[in-house]
Amino acid sequence: MKKALIVDTFSHLHRAYHALPDLRTPDNQPTGAIYGVLKILNHLREHYPTNCGVCVFDSPGKNFRHEMYKEYKANRDSPDEDFIKQIDPLIACIKANGWHCIRIDGIEADDIIGTLANMFSKNNYQSLISTGDKDLAQLVDEQVNLINITNGEYISINADNVYQKFGVWPHQMVDYLSLIGDVADNIPGVYKVGPKTAQKWISQYDNLDNIIAQKDKFKGSTGDNLRAAIDQLILNKKLITVLRNVDIDFDDKLLYFQKQDVEKLKELYKQLNFSSWLKKLPISDTHEPPTCSNTDGIHNKPDTFFFIAKTNDDSYLEVTCKGPYAEELQKKDNLSITDLIHVLEKQTHIVTHNAKNIFHLIDNDLSKQQIVVDDIALASYVLSSHKQHDLTHITESIANEPSTDINADDISNIWINLNEQLYQHQTQKTIYETIEIPTQKILFAMEKRGVLIDTIYLSKQGKNFEERINNLTENIYFLAEKSFNIQSTTQLQEILFDHLQLPILKKTPKGAPSTDEEVLHQLAEYHEIAKHLIQFRMLSKLKSTYVDGLMSKVNKETGRIHTTYCQTTTLTGRLSSIEPNLQNIPIRTTEGKLIRKAFVATENHVLLSADYSQIELRLLAHLSQDQNLCQAFHEGLDIHTITAADVLSKNRKNITAEERRWAKTINFGLMYGMSAFSLAKQLGISKPQAQIFIDRYFNRYTGVAHFISQVKEFAHKNSYVQTIMGRRIWIPGINTKNMHHKTAAERTAINAPMQGSAADLIKMAMLNLHQELHDLNLRSAIIMQVHDELILEVPEYEQEKIRSLIHDVMTSVSTLNVPLEVSVSIGKNWDDAH
0 MKKALIVDTF SHLHRAYHAL PDLRTPDNQP TGAIYGVLKI LNHLREHYPT NCGVCVFDSP
60 GKNFRHEMYK EYKANRDSPD EDFIKQIDPL IACIKANGWH CIRIDGIEAD DIIGTLANMF
120 SKNNYQSLIS TGDKDLAQLV DEQVNLINIT NGEYISINAD NVYQKFGVWP HQMVDYLSLI
180 GDVADNIPGV YKVGPKTAQK WISQYDNLDN IIAQKDKFKG STGDNLRAAI DQLILNKKLI
240 TVLRNVDIDF DDKLLYFQKQ DVEKLKELYK QLNFSSWLKK LPISDTHEPP TCSNTDGIHN
300 KPDTFFFIAK TNDDSYLEVT CKGPYAEELQ KKDNLSITDL IHVLEKQTHI VTHNAKNIFH
360 LIDNDLSKQQ IVVDDIALAS YVLSSHKQHD LTHITESIAN EPSTDINADD ISNIWINLNE
420 QLYQHQTQKT IYETIEIPTQ KILFAMEKRG VLIDTIYLSK QGKNFEERIN NLTENIYFLA
480 EKSFNIQSTT QLQEILFDHL QLPILKKTPK GAPSTDEEVL HQLAEYHEIA KHLIQFRMLS
540 KLKSTYVDGL MSKVNKETGR IHTTYCQTTT LTGRLSSIEP NLQNIPIRTT EGKLIRKAFV
600 ATENHVLLSA DYSQIELRLL AHLSQDQNLC QAFHEGLDIH TITAADVLSK NRKNITAEER
660 RWAKTINFGL MYGMSAFSLA KQLGISKPQA QIFIDRYFNR YTGVAHFISQ VKEFAHKNSY
720 VQTIMGRRIW IPGINTKNMH HKTAAERTAI NAPMQGSAAD LIKMAMLNLH QELHDLNLRS
780 AIIMQVHDEL ILEVPEYEQE KIRSLIHDVM TSVSTLNVPL EVSVSIGKNW DDAH
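Using numbering that gives the first Met the number 0, the first residue of the sequence shown is number 0, and each one after it goes up by one.
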């Protein structure tokens with residue numbers, strides 16, 4: 000029997016788009032979904048030999064089902080622009096690979112597939128339908144099978160498999176789906192009827208018609224729900240049934256696989272940057288010799304040493320390398336760190352991934368040896384901060400396909416590609432070379448030195464928190480009138496909403512009553528238990544995350560915490576840290592300040608904190624050129640007081656502390672693109688009142704309003720925004736048709752220039768300060784960086800000199816239209832140094 004492959008293309012395209020890495024060409028064209036579908040087609044062609052191959056596509060617009068039911072698929076968002084961009088090139092690739100493509104206006108892909116399968120069966124073919132859509136299980140019979148892809152495994156589905164999976168036979172699938180509904184197509188089933196109930200009914204009555212005929216035999220609320228849904232069930236059956244008689248001019252011989260169009264595929268694969276597939280294509284007689292990049296000689300020097308290294312379970316090194324003296328490492332079985340150091344110290348130029356890890360491995364940043372060290376993770380980050388920058392993802396992004404084993408040749412090819420992009424974007428190259436690469440070495444020194452922790456004090460605070468948690472637990476049990484697991488969301492819901500009968504104020508996405516912090520604050524007006532729960536959660540998090548978490552990270556030999564700073568994880572250029580995360584240690588609460596007291600200076604030293612004052616608001620003034628905002632900073636006025644007076648129409652002298660806090664929320668919130676709804680929620684006022692505040696704000700700061708409009712326009716046009724140093728910050732989803740995602744992307748775009756510029760300034764300040772400390776032969780050292788704050792460990796005899804030095808360095812790091820202000824304070828612990 001002859002065979003035909005029928006592919007539900009959009010089913011695979013949607014899954015590939017959402018599941019696979021965001022692969023892109025050097026000019027930022029999305030290709031990940033194309034790659035995913037083509038990989039599936041290649042696998043199908045190789046492992047399921049058939050005579051015919053047809054890829055079926057949905058057509059845009061509505062069809063007869065929308066006329067029958069206006070809510071049909073109404074829950075689906077419009078596809079992203081990046082998704083739409085990949086459809087035409089995908090079709091071109093499919094055709095060039097010899098497949099046939101069918102799309103019919105006003106007809107769904109399912110109906111075309113059903114009709115093709117029916118016609119192939121009549122012509123004595125076996126049809127294999129590749130899909131992820133359960134609706135098509137209704138087509139399965141002796142001549143029609145499905146091919147599903149689950150966790151990368153291709154699985155053939157026959158009638159027995161359908162029954163094993165759904166508990167009904169293929170001819171019963173329409174009735175089964177009619178009963179339970181189809182969320183994907185926005186078709187409601189019978190209320191509270193799930194798969195098990197539907198299977199039971201169909202097993203007993205065989206089909207939906209019999210169930211409807213016997214509707215009065217069903218008892219209880221389920222029976223009531225069934226009888227209430229009769230009209231919907233009849234409609235559902237029409238909506239879910241796949242047509243098998245669409246008007247198609249069918250000729251099986253015209254659907255045979257065609258010969259690959261090699262020249263067309265070469266053109267397409269070059270455009271899409273599918274380099275490995277390009278290499279596998281046959282070489283034509285008319286091919287041109289490869290051209291040399293004008294930067295080949297610069298980026299691929301013969302004296303460059305490319306390598307990656309890691310320790311294995313036996314504490315030996317695993318090194319993949321190429322370049323000068325590589326054979327010294329390649330010929331040894333059990334490499335030691337000494338072996339690697341011996342080879343590295345002979346180099347003049349090294350290229351690796353995550354060089355900071357290598358510095359820690361060899362306990363040397365190679366500065367004294369004057370070796371140039373390039374890092375493909377940092378290069379990738381500067382060019383595309385919105386992507387992931389682990390070695391696998393970088394390889395996939397450059398090769399535009401998933402990676403397997405990565406070797407030194409791959410590192411070399413990646414570096415050539417990234418470096419060529421840097422040469423094409425000189426501003427990004429400057430940021431990479433003058434900010435990111437030198438910052439990496441400072442972070443290595445900071446991580447190596449670490450920060451001293453007073454473990455005795457921290458342990459004492461942990462016991463204090465534990466006692467308070469125990470007391471709160473007893474109080475909560477008393478108010479709940481029973482003991483229960485307070486950490487269990489389900490048990491807490493039962494206590495609050497069933498036992499105590501408190502009002503349900505919000506629900507989770509799954510429909511359960513919410514018990515989040517916002518809800519607890521509102522419930523505190525109804526019952527005292529909520530206040531205790533808020534305190535319980537706060538103290539429990541402090542105890543587990545910060546007390547126990549910090550204690551577990553203290554190095555037993557040094558008594559210090561040696562955090563890891565991450566340069567490539569944030570969108571805007573900000574640093575983050577892990578093990579532990581220093582950026583999230585609380586400061587505003589009394590209990591949080593107790594945690595910071597555990598960070599101490601060593602004997603005869605102090606901690607010095609230098610913090611940029613309102614840096615993002617100052618950068619907003621600089622970037623927006625708003626006259627009122629700039630004037631306020633030049634005159635040293637309190638921005639929040641001025642804003643409060645303007646939005647509340649009051650004299651500045653009469654502004655209260657609470658009103659100033661409101662203005663602070665407005666100043667920072669609008670800089671983050673906050674809506675009237677969100678502002679109203681934060682201030683506890685009505686949405687119309689919040690909108691009045693916003694309007695008054697922008698009436699005073701017209702330059703800010705114009706700047707925000709310009710930033711959004713620029714982001715929509717270019718898909719990125721820029722910092723004052725020219726760093727590009729790519730904004731994913733800025734042009735999506737999903738309004739929720741688009742609005743969120745616009746908020747990111749509005750704030751990114753300020754946050755990214757602040758990140759650039761603090762890094763530049765670190766670099767300048769580090770150099771000054773070295774040149775002046777001072778013993779003070781930077782030990783922490785948290786957002787806009789630098790913390791130094793300073794010998795007591797240097798503190799006044801460092802206080803003056805750091806102020807001068809940080810305020811002069813860049814010339815803005817408004818003055819940079821730095822708050823410097825000193826103490827024996829981190830909290831006292833604030």
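Where a beta carbon is used, it is the ideal one built from N, C-alpha and C, also for glycine. Remember, it's a predicted structure, so these values are computed and weren't measured experimentally.
Buried versus exposed call for residue 792 [16 or more other C-beta atoms within 10 Å across all chains shown]: Its Cβ being crowded by 16 or more others within 10 Å, residue 792 is buried.
Bridge partners - residue 565, DSSP secondary structure assignment: Paired residue(s): 575.
Beta-carbon proximity check, residue 753 vs residue 619, cutoff 9 Å: Residue 753 places its beta carbon less than 9 Å from that of residue 619.
Bounding residues of the alpha helix (DSSP H) (the contiguous stretch that carries residue 417): Residue 417 -> alpha helix (DSSP H) spans 407-423.
Bridge partners - residue 306, DSSP secondary structure assignment: Answer is 320, bridged to residue 306.
C-beta contact flag for residue 377 and residue 439 at 9 Å: The answer is yes: Cβ separation under 9 Å.
Buried versus exposed, by CB contacts within 10 Å (16 or more), residue 436: Residue 436 comes out buried.
Segments assigned beta strand (DSSP E), at least 3 residues, entirely inside the stretch 60-124: As far as the stretch 60-124 is concerned, its whole beta strand (DSSP E) runs of at least 3 residues are 99-101.
Nearest-angstrom Cβ-Cβ length linking residue 169 and residue 139, presumed shorter than 8 Å: About 4 Å separates the two Cβ atoms, so the contact holds.
Own chain, CB closer than 8 Å to residue 371, minus 5 neighbours either side, in chain order: Apart from the 5 residues on each side of it in sequence, residue 371 sits with its Cβ closer than 8 Å to the Cβ of 347, 348 and 349 in its chain, given in chain order.
Cα-Cα separation, residue 362 to residue 354: Between the alpha carbons of residue 362 and residue 354 lies a gap of roughly 12 Å.
Proximity to residue 660 [Cα-Cα], best of 681, 272, 766 and 147: The option with the nearest alpha carbon to residue 660 is 681.
Bridge partners - residue 598, DSSP secondary structure assignment: Beta-bridge partners assigned by DSSP to residue 598: 452.
Contact between the stretch 377-388 and the stretch 718-738 (3+ Cβ pairs under 8 Å): They touch, by the three-pair rule.
Rounded straight-line distance, which links the Cα of residue 358 to that of residue 255: Counting only the Cα atoms, residue 358 lies some 58 Å from residue 255.
Distance between beta carbons of residue 818 and residue 632, contact taken as under 8 Å: Right, their Cβ atoms sit about 6 Å apart.
Three-way DSSP call (helix, strand, coil) for residue 809 in this model: In the structure shown, residue 809 adopts helical secondary structure according to DSSP, grouped into three states.
Residue 756 - containing alpha helix (DSSP H), residue span: Residues 738-774.
Nonlocal neighbours in the same chain, by C-beta distance under 8 Å from residue 492, ignoring five residues either side: Only 511, 512 and 514 meet the Cβ criterion.
Reduced DSSP secondary structure (H/G/I, E/B, other) of residue 828: Annotated three-state conformation of residue 828 is strand, per DSSP.
Cβ pair residue 537, residue 590 closer than 9 Å: Result yes, Cβ atoms of residue 537 and residue 590 sit closer than 9 Å.
Contiguous beta strand (DSSP E) assignments of at least 3 residues, all confined to the stretch 435-521: The qualifying runs are 450-452.
Beta-carbon gap between residue 118 and residue 247 smaller than 9 Å: Yes, these two residues count as a Cβ contact at 9 Å.
Reference residue 116, options 524, 145, 503 and 780, closest by Cα: Among 524, 145, 503 and 780, the Cα nearest to that of residue 116 belongs to 145.
Residue nearest to residue 322 in terms of C-alpha spacing, selected from 332, 711, 305 and 3: Of all alpha-carbon atoms in 332, 711, 305 and 3, the one lying nearest the alpha-carbon of residue 322 is that of 305.
Residue 182, buried or exposed, once every other Cβ within 10 Å from all chains shown has been counted against 16: With fewer than 16 other beta carbons inside 10 angstroms of its own, residue 182 counts as exposed.
Integer Cβ distance of residue 341 from residue 449, believed to fall under 8 Å: Not really, about 28 Å apart at Cβ, beyond 8 Å.
Other residues of its chain near residue 274: CB distance less than 6 Å, five sequence neighbours each side excluded: 398.
Residues sharing a beta bridge with residue 585, DSSP: In the DSSP output, where bridge partners are listed per residue, residue 585 has none listed.
9 Å Cβ cutoff met for residue 128 and residue 5: A contact, by the Cβ cut-off of 9 Å.
Candidates 789, 814 and 31: closest to residue 823 by CA position: Of the candidates 789, 814 and 31, the residue whose Cα lies closest to the Cα of residue 823 is 789.
Residue 527 - DSSP class collapsed to helix/strand/coil: Residue 527 falls in the coil class under three-state DSSP.
Given residue 78 as reference, the closest of 96, 16 and 108 once Cα atoms are compared: Nearest C-alpha to residue 78: 16.
Contact between the stretch 441-456 and the stretch 557-572 (3+ Cβ pairs under 8 Å): Cβ pair count under 8 Å is three or more, so yes.
For residue 154: DSSP bridge partner residues: Bridge pairing for residue 154: 147 [DSSP].
Nearest residue (CA-CA) to residue 220, options 191, 477 and 390: In terms of CA proximity to residue 220, 191 leads the group 191, 477 and 390.
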